[in-house]
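In this note's numbering, the protein residues as written are 208 to 343.
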């Protein structure tokens, strides 16, 4: 019996991580993420980020592709959304990936969530430095 598309889709892991930034507005954070090929500046375990296809800053741009040999990810797709939250903002990172050998879904959730927290801290720090430089 052949696998249907629905059966194949169900075999993928799906997850989501959220982080709140109390000291930064969505309109301050989005431009940092909008540099689609600069994700390596913010995400702690990403050493380089090169264009795959599309134009940076345009919807549908493929920012990066996780290739064979890079922690075993296959068919990894993610979306990142920044929205207002109270006096600050929230970054939401959703992903879908084929199960990763040697990992559990909980491991991957922790990896993405931890990376997102570090990314948010780096962005807040960069904004603080920028704002301090504007006040001098």
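Backbone N, C-alpha and C fix where the C-beta goes; we use that ideal spot for every residue, glycine too.
For clarity, every value in this text was computed on a predicted model and none was experimentally measured.
CB of residue i to nearest heavy atom of the ligand ZN: below 8 Å?
i, result
"residue 301", "In the structure on display, the ligand ZN does not appear, and there are no ligands present to speak of."
Using only CA atoms, which one of the options lies nearest to residue i?
i, options, result
"residue 302", "312, 294, 308 and 295", "312"
"residue 152", "223, 229, 222 and 224", "This structure leaves residue 152 out entirely; the chain is present only between 208 and 343."
"residue 300", "310, 285, 307 and 290", "285"
"residue 237", "218, 282 and 289", "289"
"residue 306", "226, 339, 323 and 282", "282"
"residue 242", "339, 287 and 225", "287"
"residue 220", "324, 332, 314 and 328", "314"
At what residues does the beta strand (DSSP E) containing residue i begin and finish?
i, result
"residue 148", "Missing from the structure shown is residue 148; the chain here goes from 208 to 343 and no further."
Is residue i helix, strand or coil when you go by DSSP?
i, result
"residue 248", "helix"
"residue 303", "strand"
"residue 282", "coil"
"residue 232", "coil"
"residue 320", "helix"
"residue 313", "helix"
"residue 227", "strand"
"residue 209", "With a pLDDT of 46 at residue 209, under the threshold of 50, the predicted position of this residue should be treated as unreliable, and no value is reported."
If I'm right that residue i touches residue j with Cβ under 8 Å, what's the distance once you round it to whole angstroms?
i, j, result
"residue 232", "residue 293", "That pair is no contact at about 10 Å."
"residue 341", "residue 250", "Wrong, their Cβ atoms sit about 26 Å apart, outside the cutoff."
"residue 222", "residue 316", "5 Å"
"residue 227", "residue 297", "5 Å"
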